[in-house]
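A.B. asks:
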Amino acid sequence: MLLNPAILALLLVSAVVLLMVLVAGQFALRLLRHWEIGSGSERQLCLERRTYLISTLMSWVFVFELLSLLLFVYTAESLSGQFVGAMCATGVLNANPWGWPTLLLKIALFFGGALWLALNGLDNRGYDYPLIRHKYTLLLLLVPLVVVEAFSQLRFFLGLSPNIITSCCGTLFSSNTEGVAAEVSALPADTMAWALALSGVAVLMSGLGYMKWGRGASLLAVTTMVAFVTALLAVVSLLSPYIYEHPHHHCPFCILKSGHGYIGYLLYIPLFAATASGLAAAATAIWRKIPSLSAYGFITLGYARLSVVLFLLFYLISAWSVFRSNLVMQGVWW
Amino acid sequence: MEIRLDAVRKVFNQGRPNEFCAIRGVSLRIEAERISCVKGASGSGKTTLLSMIGSLSRPTSGRIHLGDRLLSGLPERFLTDIRRHTFGFIFQRFNLIPGLSVLQNIILPAFPLAPSYKQLIENAHRLLEVYGLADKADSRVEWLSGGEAQRVAICRALINGPQILVADEPTANLDSEHSQRFMQQMAELQRAGKTVILASHDPLVYDNAEVDRIISLRDGLLEEG
Amino acid sequence: MSTLQRQRYLLDYSLSSLLRRKRKHLSLLFTYTLIIFLLASVMLFSNGLKGEVTHALAASPEIVLQRIEAGRHALIPADYLQRLGRLRGVSASKGRLWGYYFDSALQANYTLIASDEEQLSATEVILGSAVARMRGIGPGDFTSMRGADGNAYSFRVKSLLDSESELFSADLVLISPKAYRKLFAIDEGLFTDIVFTVRNSREVEKVAQKIVSRLPDTRPILKQEILSTYDAIFSWRQGILFVLLATSILAFVIFAWDRASGLSAEERREIGILKAIGWETSDILQMKFWEGGVISLLAFLCGYLLAYLHVFYTGAPLFEPVLKGWSVLYPNFMLTPSVDGLQLATLFLFTVFPYVVAIIFPIWQVAITDPDAVMR
Chain W
4 MLLNPAILAL LLVSAVVLLM VLVAGQFALR LLRHWEIGSG SERQLCLERR
54 TYLISTLMSW VFVFELLSLL LFVYTAESLS GQFVGAMCAT GVLNANPWGW
104 PTLLLKIALF FGGALWLALN GLDNRGYDYP LIRHKYTLLL LLVPLVVVEA
154 FSQLRFFLGL SPNIITSCCG TLFSSNTEGV AAEVSALPAD TMAWALALSG
204 VAVLMSGLGY MKWGRGASLL AVTTMVAFVT ALLAVVSLLS PYIYEHPHHH
254 CPFCILKSGH GYIGYLLYIP LFAATASGLA AAATAIWRKI PSLSAYGFIT
304 LGYARLSVVL FLLFYLISAW SVFRSNLVMQ GVWW
Chain D
5 MEIRLDAVRK VFNQGRPNEF CAIRGVSLRI EAERISCVKG ASGSGKTTLL
55 SMIGSLSRPT SGRIHLGDRL LSGLPERFLT DIRRHTFGFI FQRFNLIPGL
105 SVLQNIILPA FPLAPSYKQL IENAHRLLEV YGLADKADSR VEWLSGGEAQ
155 RVAICRALIN GPQILVADEP TANLDSEHSQ RFMQQMAELQ RAGKTVILAS
205 HDPLVYDNAE VDRIISLRDG LLEEG
Chain X
164 MSTLQRQRYL LDYSLSSLLR RKRKHLSLLF TYTLIIFLLA SVMLFSNGLK
214 GEVTHALAAS PEIVLQRIEA GRHALIPADY LQRLGRLRGV SASKGRLWGY
264 YFDSALQANY TLIASDEEQL SATEVILGSA VARMRGIGPG DFTSMRGADG
314 NAYSFRVKSL LDSESELFSA DLVLISPKAY RKLFAIDEGL FTDIVFTVRN
364 SREVEKVAQK IVSRLPDTRP ILKQEILSTY DAIFSWRQGI LFVLLATSIL
414 AFVIFAWDRA SGLSAEERRE IGILKAIGWE TSDILQMKFW EGGVISLLAF
464 LCGYLLAYLH VFYTGAPLFE PVLKGWSVLY PNFMLTPSVD GLQLATLFLF
514 TVFPYVVAII FPIWQVAITD PDAVMR
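Protein chains in written order, with my numbering: chain W, 4 to 337; chain D, 5 to 229; chain X, 164 to 539.
Right, dumping it as structure tokens:
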């Protein structure tokens, strides 16, 4: 275990967030049992008031989870100095088996939180709170995710002992090692370029289609998820070599460093926000037939529009980063 | 818009030893564009009834309609939304916020509705002009006389352009001359098309010639007659 | 844009509410600033030190080779260099002579380094500034050291080291190799250690492996290892201080909770009025969070600015002994200012995060005041 302020901060956040989510989860159970919208009984009034507390708690949980995701990556990056052989965050995450699961869980929580907030925002406009049961069921589903994330992060930090030799980016992604990351880098760049282009066209078309005809929300959800995963794979196996101008450097974190003009932020922020709003569009579109929500189709449209714009931004920045690079790979390396 | 109450009950501290039924089944109609007055001794449930009529609180059982909308059963979020577009309130102790100027007090109810600032200020100045407070706009409310404070409270109640005005014991802190003037102001508002609902145990109010209808209340029930 | 406009109105109200109750908020703001100031000072200071170390080590060789005799550090013979032969990737290698000298008069350790580059004659030395300060001498003066044979040797101070990198040079004494051998009774042909310069940082490990396989009685120390050790030590010290400060953070959280929940009757009535005239629970919640946001922002800016001045302009008098010292001779130097995102995020999560968590519940309790409360 390393007694490092950033690690202490991350553990503090995960402990407090866990507590907040457990409070919210316990309330969710009570609400699912006793909620009666039409009643004027004191229990109902009390439940109703408490929904404000839970909404507030969940909004902050989302904010803190987002910060903790950022800080986690930063910390992994800064710890790389203490692990001989770990050139960057990748090596640190590799130092024990809990690193990558923690990161993925944090990302999952980010999207889970975004979905919950989107549902909450829509539900708060329907005068009979039509989604309240779905909303709180979803919250109950998020609870175990937070528990597992807190546990996994704790194991990761407890298991870190500095100066054990870890593999650096180069060896992690070299094609002869097994594991997810190795397979990512083994994807040939030209296939990846096609996949990125296709998934991009698909997600943009389905987003525009939804904006025009107001239909195809489930298609939008699927294309958004596919586009997100493809984009992440493309960052690792296609974009990062161009950005680093080095055909075998496949690190998804080093692009966040100043040495590369912080271009990682320009890529990741639009990508994550686009995915979150695409999913939010799909999640809010399902309920448009509910009478009290029928007037709020514009919210879904807003999410869809935001998603299209942000995805477009992501693709433009990707294309620009390849275009501007001095590295020539097509037909040379593959 | 008329307001209709059907078998409305309000119970406090439900299920506890100190359970207390403030309104015990009231049904009534309050016509639009009239001055109605709820009358009764203190403890008769006037204030509780008024707060349910003004959708400040929800009945424990029974129904309340505003026009053709059912209000009872709406969560606070939507009840408040309807209330701030429809009702203006004048309270017994004026309830102005000390430390703020007259103008700042008047525009407070508009904040959650987020109108444009310029329009809001123009609107407020127009109201102050009507009620003879134009020169007081920037003075602090704690320096006002009782009559002035009352007029500021009226301006605040009118800032969002409500259809219905609700006043709880409006004359409790006024001398008889100001009470008379207040009733005249209410009558003017009624002639301008507003509904006025008062609650009072002051004969200057409920025996006033301008009052169209008296609703008398005793121990949480309507008194016939 | 009405959402934005609404937030502007709410912010406007919370500012006026803050200004109307300056007294009450001032004590909170003060404690909040103090907490941020303490934590930020610790962070800025130890990160500054870390930066200094990294900077100082930047020019040092990649590998230091020591001979180990039964687990004990021993002098290394010069012919080890010949025995190694040429190593691919190594651009330079040479033997070094250095060691600690205990000065019984000052009760302090100096680091003596034999220097070829300075072209010192056998009776000349160059002093680090702290040594010169403690002894009260300057260039041209004479100083003496007692050698291994019991005789005192006198040296003329040729010059002083500039204090640019004083963290490391404070206790340094540069001396000619000949005088060093005489002083410590070390034979020709023996060195303290051997250093290697390796161009490509990726080859360092391979080179170190080769050296060990050719010279099994030696131990290579990599620059990377030294850096990571310093890194770990500084983070660890910082962590210890943070744990110690955790109690004060907790006290602050309780204070903030108390402040947020212990409203005066007048404040409660104000919230009641707002609810009665048409504000909704979430309006009050947001207005109150704006209040907390303004306080946090002010405290964060003030605390961080004060910490910055404290660390980089006054030399952090509060923490110096805990975070810096490893020697009796305190280096006297100014850190190079540095700020980074990791620091800010960590600081934020240690201060603003607990504050926000502490006020959520009290704020909510105020916000759910019944709209008809003012009528009762």
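Beta carbons: idealized from backbone N, C-alpha and C, even for Gly.
Let's test the definition: count the other Cβ atoms within 10 Å of the Cβ of X:K185 and tell me whether it reaches 16, buried, or not, exposed.
C.D. replies: Position 22 of the third sequence, counting from 1, holds the residue named residue 185 of chain X. Per the 10 Å Cβ criterion, exposed.
A.B. asks: W:F314 lies in the alpha helix (DSSP H); which residues open and close that run?
C.D. replies: As a first step, residue 314 of chain W is located in the first sequence; it is residue number 311 there, counting from the start. It spans 300-327 - the alpha helix (DSSP H) in which W:F314 sits, taken as one unbroken run.
A.B. asks: Taking a contact to mean a Cβ-Cβ separation below 9 Å, would you say X:L335 touches X:G291 in this structure?
C.D. replies: The residue you call residue 335 of chain X lines up with position 172 of the third sequence. The residue you call residue 291 of chain X lines up with position 128 of the third sequence. Cβ distance < 9 Å, so X:L335 and X:G291 count as in contact.
A.B. asks: Mind pulling the chain W residues with CB within less than 7 Å of X:L174?
C.D. replies: As a first step, residue 174 of chain X is located in the third sequence; it is residue number 11 there, counting from the start. Within 7 Å Cβ-Cβ: nothing; X:L174 doesn't reach chain W, min ~17 Å.
A.B. asks: In chain order, what residues of the same chain have a beta carbon less than 6 Å from the beta carbon of W:L14, not counting five sequence neighbours either side?
C.D. replies: As a position in the first sequence, residue 14 of chain W is number 11, starting the count at 1. No residues qualify anywhere along the chain.
A.B. asks: Between X:L512, X:V537, X:Q506, which lies nearest to X:E210 when the distance is taken from Cα to Cα?
C.D. replies: Against the third sequence, residue 210 of chain X aligns to sequence position 47. Reading the sequence as shown, one finds Asn at residue 210 of chain X and not Glu. Ranking X:L512, X:V537, X:Q506 by Cα distance to X:N210 puts X:Q506 first.
A.B. asks: Looking only at its chain, what residues have a beta carbon closer than 6 Å to the beta carbon of D:A138, apart from the 5 residues adjacent to it on each side?
C.D. replies: Here residue 138 of chain D refers to the residue found at position 134 when the second sequence is read from its first residue. Contacts found: L132.
A.B. asks: Could you give the first and the last residue of the continuous beta strand (DSSP E) run that contains W:N99?
C.D. replies: As a position in the first sequence, residue 99 of chain W is number 96, starting the count at 1. Run containing W:N99: none; DSSP gives neither H nor E here.
A.B. asks: Check whether the Cβ atoms of D:I110 and D:A128 lie closer than 9 Å to each other.
C.D. replies: As a position in the second sequence, residue 110 of chain D is number 106, starting the count at 1. As a position in the second sequence, residue 128 of chain D is number 124, starting the count at 1. Cβ distance < 9 Å, so D:I110 and D:A128 count as in contact.
A.B. asks: So, at 7 Å on beta carbons, what are the nonlocal neighbours of D:D216 in its own chain, with the 5 sequence-adjacent residues on each side left out?
C.D. replies: For the purposes of this step, residue 216 of chain D is taken as residue 212 along the second sequence, with counting starting at 1. Closer than 7 Å at the Cβ level, and outside the excluded window around D:D216, lie R38, I39, S40.
A.B. asks: For X:F516, return the contacting residues in chain W, with the cut-off set at a CB-CB distance below 7 Å.
C.D. replies: Numbered from its first residue, the third sequence carries residue 516 of chain X at position 353. Under the 7 Å cutoff, chain W gives V16, F67.
A.B. asks: Can you list the residues of chain D that W:I40 reaches, using a CB-CB cut of under 8 Å?
C.D. replies: Reading the first sequence from its first residue, position 37 is the one you call residue 40 of chain W. Simply G77, P79.
A.B. asks: Could you please tell me which residues of the stretch 198-213 of chain X, in chain order, have their CB closer than 7 Å to any CB of chain W?
C.D. replies: Cβ contacts with chain W come from M206.
A.B. asks: Would X:G262 and X:L275 qualify as a contact pair, given that the criterion is a beta-carbon distance under 9 Å?
C.D. replies: By 1-based counting over the third sequence, the position of residue 262 of chain X is 99. By 1-based counting over the third sequence, the position of residue 275 of chain X is 112. Result yes, Cβ atoms of X:G262 and X:L275 sit closer than 9 Å.
A.B. asks: Using a 10 Å radius around the Cβ and a threshold of 16 neighbouring Cβ atoms, would you call W:H249 buried or exposed?
C.D. replies: In the first sequence, the residue the question calls residue 249 of chain W occupies position 246. That one is exposed.
A.B. asks: Please report the Cβ distance between X:V416 and X:A521, rounded to the nearest whole angstrom; I am assuming they are in contact, meaning their Cβ atoms lie under 8 Å.
C.D. replies: Position 253 of the third sequence, counted from the start, is the residue given in the question as residue 416 of chain X. Position 358 of the third sequence, counted from the start, is the residue given in the question as residue 521 of chain X. Correct: roughly 5 Å between the Cβ atoms.
A.B. asks: With DSSP as the reference, label D:V15 as helix, strand or coil.
C.D. replies: Working through the second sequence from its first residue, we reach residue 15 of chain D at position 11. In this structure, D:V15 counts as strand in the three-state DSSP scheme.
A.B. asks: Give the DSSP bridge partners of X:F318, in chain order.
C.D. replies: For the purposes of this step, residue 318 of chain X is identified with residue 155 of the third sequence, where counting begins at 1. Paired residue(s): X:T306.
A.B. asks: Between the alpha carbons of D:V15 and D:V170, how many angstroms are there, rounded?
C.D. replies: On the second sequence, residue 15 of chain D is found 11 positions in, with the first residue counted as 1. On the second sequence, residue 170 of chain D is found 166 positions in, with the first residue counted as 1. When rounded, the distance between both Cα atoms is 22 Å.
A.B. asks: Is it right to say D:Q108 is buried, meaning 16 or more other beta carbons lie within 10 angstroms of its own, or is it exposed?
C.D. replies: As a first step, residue 108 of chain D is located in the second sequence; it is residue number 104 there, counting from the start. By the neighbour-count rule (16 or more Cβ atoms within 10 Å), D:Q108 is buried.
A.B. asks: Please say whether D:L117 and W:Y130 have beta carbons closer to each other than 9 Å?
C.D. replies: Within the first sequence, the letter at position 127 stands for residue 130 of chain W. Within the second sequence, the letter at position 113 stands for residue 117 of chain D. Result no, Cβ atoms of W:Y130 and D:L117 do not sit closer than 9 Å.
A.B. asks: I want to see whether chain W comes within less than 9 Å of X:W489, judged by CB atoms only; does it?
C.D. replies: Numbered from its first residue, the third sequence carries residue 489 of chain X at position 326. Here X:W489 scores only 49 on pLDDT, less than 50, and its place in the model should not be relied on; the value that follows carries that caveat. False, the Cβ-Cβ gap to chain W never drops below 9 Å.
A.B. asks: Buried or exposed: where does D:V30 fall if 16 or more other Cβ atoms within 10 Å of its Cβ makes it buried?
C.D. replies: Mapped onto the second sequence, residue 30 of chain D falls at position 26. When all chains shown are included, D:V30 counts as buried.
A.B. asks: Once the 5 residues before and after X:S424 are set aside, which same chain residues still bring their CB inside 6 Å of it?
C.D. replies: In the third sequence, the residue the question calls residue 424 of chain X occupies position 261. Once the five neighbours on either side are set aside, the close Cβ partners of X:S424 are P525.
A.B. asks: Does any C-beta atom of chain D lie closer than 9 Å to the C-beta of X:G543?
C.D. replies: With chain X covering only 164 through 539, there is no way to say anything about residue 543 of chain X.
A.B. asks: Kindly indicate which residue of X:K373, X:I403, X:S165, X:T499 has the alpha-carbon position closest to the one of X:L247.
C.D. replies: In the third sequence, residue 247 of chain X corresponds to position 84, counting from 1. Checking every option, the nearest Cα to that of X:L247 belongs to X:K373.
A.B. asks: Could you spell out the range, first to last residue, of the beta strand (DSSP E) harbouring X:P383?
C.D. replies: Within the third sequence, the letter at position 220 stands for residue 383 of chain X. Note, X:P383: beta strand (DSSP E), 381-385.
A.B. asks: Using CA coordinates, which residue listed in X:Q170, X:A241, X:K386 is at the minimum distance from X:H218?
C.D. replies: Against the third sequence, residue 218 of chain X aligns to sequence position 55. The candidate whose alpha carbon is nearest that of X:H218 is X:K386.
A.B. asks: Is there a Cβ from chain D that is less than 9 Å from the Cβ of W:S44?
C.D. replies: Against the first sequence, residue 44 of chain W aligns to sequence position 41. Cβ-Cβ to chain D under 9 Å: yes for W:S44.
A.B. asks: Skipping 5 residues on each side, what residues in its chain have a beta carbon closer than 7 Å to that of W:Y371?
C.D. replies: The shown model of chain W, from 4 to 337, leaves out residue 371 of chain W, and the question about it has no answer.
A.B. asks: By the three-class DSSP mapping on this structure, what secondary structure does W:C91 have?
C.D. replies: For the purposes of this step, residue 91 of chain W is identified with residue 88 of the first sequence, where counting begins at 1. In the structure shown, W:C91 sits in coil (DSSP, three-state: anything other than H, G, I, E or B).
A.B. asks: Can you tell me which of the three DSSP states X:I374 falls into?
C.D. replies: On the third sequence, position 211 is the one that residue 374 of chain X refers to. Residue state, collapsed to three classes: helix.
A.B. asks: Does the stretch 332-352 of chain X come close enough to the stretch 193-208 of chain X to have 3 or more Cβ pairs within less than 8 Å?
C.D. replies: No: fewer than three Cβ pairs fall under 8 Å.
A.B. asks: So what does DSSP say about X:E281, is it helix, strand or coil?
C.D. replies: Residue 281 of chain X sits at position 118 when you count from the first residue of the third sequence. In this structure, X:E281 counts as coil in the three-state DSSP scheme.
A.B. asks: What residues from the stretch 396-408 of chain X come within 8 Å of chain W, judged by C-beta to C-beta, listed N to C?
C.D. replies: Answer set for the stretch 396-408 of chain X: S398, W399, Q401, G402, I403, F405, V406.
A.B. asks: Rank X:V320, X:I447, X:Q401 by C-alpha distance to the C-alpha of X:S204 and give the top, closest one.
C.D. replies: Taking the third sequence and counting its residues from 1, the one referred to as residue 204 of chain X is at position 41. With distances taken between Cα atoms, X:S204 lies closest to X:Q401.
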